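In numbering that gives the first Met the number 0, the protein residues as written are 0 to 243.
Take a look at the structure below.
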Amino acid sequence: MHEEKVADKNTPYWWEAAPVRPLPSQPLAKRLDVAIVGAGYAGLSAGLVLAREGRSVAAFDAMNPGEGASSRNGGITSGSIRPNYATITRRFGEAKAMAIEAEGKIAREFLYDFIETEGIDCDFQLVGRFMGALGYDQYEKMARGAEALAKRLGIESYAVPHAEQCNYIGTDFYRGGTVRMDIGGLHPAKLHAELLRVALASGLMVHSRTPVISIEKEVSGFRVATSAGTVQARQVLVCTNGYT
Numbered sequence: 000m001h002e003e004k005v006a007d008k009n010t011p012y013w014w015e016a017a018p019v020r021p022l023p024s025q026p027l028a029k030r031l032d033v034a035i036v037g038a039g040y041a042g043l044s045a046g047l048v049l050a051r052e053g054r055s056v057a058a059f060d061a062m063n064p065g066e067g068a069s070s071r072n073g074g075i076t077s078g079s080i081r082p083n084y085a086t087i088t089r090r091f092g093e094a095k096a097m098a099i100e101a102e103g104k105i106a107r108e109f110l111y112d113f114i115e116t117e118g119i120d121c122d123f124q125l126v127g128r129f130m131g132a133l134g135y136d137q138y139e140k141m142a143r144g145a146e147a148l149a150k151r152l153g154i155e156s157y158a159v160p161h162a163e164q165c166n167y168i169g170t171d172f173y174r175g176g177t178v179r180m181d182i183g184g185l186h187p188a189k190l191h192a193e194l195l196r197v198a199l200a201s202g203l204m205v206h207s208r209t210p211v212i213s214i215e216k217e218v219s220g221f222r223v224a225t226s227a228g229t230v231q232a233r234q235v236l237v238c239t240n241g242y243t
């Protein structure tokens, strides 16, 4: 008796609730205030702000909007800097390290405010995040960093000793850790779909499956060649992240 083989899944889980689709084609504007390359989080966010300021702006994506990293990430609203606080402090000093951490805090607050103000349906939950330490030396450094963030930036951040970590995570592997309550989770594809909805309603033009072929500087701005034609733009934003 042979078991029936299940076909390999080749699309992100997130797309089951928020499918990524092409947008209806529309005429290409001959002139724009701003042309944006990429229609993921960055491109749509910039386009939304510019459109609401009365600019003529269009975003061009080589794939469907959101088909790249915006609908393939883990959905954790960390806003974290990859090196930890201790590493940043060692490299740049405490003042610079705190300024960098403050940028992450501002990013999270901006996102949370946007979700609430615009009524974004993306399954957002602010539940906090536990980060485990692999050794006691690392735990001490992480604990000092958590204390600094709490005192300097007002973040609800605190250390969890090894004896108490079972209250936060079901493993005894780590040697303690830290908790930050300003970090949560959301559905990344739903967030993008909602951001696209709001951006389009605000006047942003979005062209799917329209790759930008070249950008040439001219006296009055830029000449942007796309697969659908050429556009003259006063300014250009490249928001393509890791896909180019």
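Positions of the beta carbon are idealized from the N, C-alpha and C atoms, including for glycine.
In this text, all values refer to a predicted model and were calculated from it rather than measured experimentally.
The DSSP-derived three-state label of ALA58 is strand. For LYS216, the enclosing beta strand (DSSP E) starts and ends at 211 to 217. Taking a C-beta distance under 9 Å as the contact criterion, ASN63 and LEU27 do not qualify as a contact pair. A check of alpha carbon separations from ARG208 across ASP60, GLY74, THR239 and ALA147 identifies ASP60 as the nearest. Counted as a single uninterrupted DSSP element, the stretch harbouring VAL178 is not any alpha helix (DSSP H) but the beta strand (DSSP E) occupying residues 176 to 179. C-alpha of SER24 to C-alpha of GLY153: approximately 47 Å in a straight line. Distance from the CA atom of ALA38 to the CA atom of MET180, rounded to whole angstroms, is 30 Å.
By the C-beta density criterion, PRO18 is exposed, having fewer than 16 other C-beta atoms within 10 angstroms. Look at ASP7 here: in three-state DSSP terms it is coil, with no helix or strand label. In this structure, CYS238 keeps its C-beta atom at 9 Å or more from the C-beta atom of LYS189.
If you draw a straight line from the Cα of MET141 to the Cα of PHE123, it is about 27 Å long.
In the DSSP assignment, ARG128 is bridged to ARG179. In this chain, GLN25 is not harboured by any beta strand (DSSP E), its DSSP state being neither H nor E. SER226 and MET130 have their C-alpha atoms spaced approximately 45 Å apart.
Partner residues in the beta bridge of TYR157, as assigned by DSSP, are VAL178.
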